[in-house]
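Input: a single structure, listed below in structure tokens.
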Amino acid sequence: MPGGGIPHISTGDLFRANISRQTGLGKLAKVSMDAGNLVPDELTIAMAKDRIQQRDAENGFLLDGFPRNVSQAEALDELLKTEGSKLDAVLDLEVPGGEVIKRIAGRRICRSRSAHVDEVMWTRSRGGRWKSSNAACPMRSGRRQSVSRPGRTRTWRSRPAP
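So the sequence shown is residues 1 to 162, counted in UniProt numbering.
Now the structure itself:
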């Protein structure tokens, strides 16, 4: 397991895993996500608690995206207290505001995925140059893909980065 033998626990991965396994929590989370809403704290906390209590996390874990607010932090404190454990460290990453807006906007555009559009897509501009885009929702049709964006549609073919 990468990271020195401790699991990387990401809220996004938790949501996707629970949704794909069609757990009760996953079904409830999918309803919120499909409506364009945040997954409620109660569901996020329950998924995180379940994951932290799995056997591979007995010797430690790395939380990614949890807790995101005071309610989740209080729930994590209570869980750690119950387990007789504590956090060793906290990393606070500073991200430029423009990057945050770009990522959030990408999540709001693609409703068909129940998740944020995180792959980079390459499109050919009129001048023949390739440019990347990650804020569109691809709709597959054979070898070509149509990229839907507010007010326009483009057709593109997946390519490795130039």
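Even for Gly, the Cβ is constructed at its ideal location relative to N, Cα and C.
According to DSSP, Leu62 sits in a beta bridge with which residue or residues?
The partner list for Leu62 (beta bridge, DSSP) reads His8.
Could you pull the start and end residues of the alpha helix (DSSP H) that Arg51 belongs to?
Its alpha helix (DSSP H) spans residues 41 to 52.
Counting along the chain, where does the alpha helix (DSSP H) carrying Lys86 start and finish?
Segment: none, Lys86 is in no alpha helix (DSSP H) and carries neither H nor E.
What do you get for Glu78, buried or exposed, if any count of 16 or more other CB atoms within 10 angstroms of its CB means buried?
Burial call: exposed.
Do Ile9 and Ala48 have their CB atoms nearer than 8 Å?
Yes. Within cutoff.
Check whether the Cβ atoms of Ala75 and Ile45 sit closer than 8 Å, and answer yes or no.
In this structure, Ile45 lies closer than 8 Å to Ala75 by Cβ.
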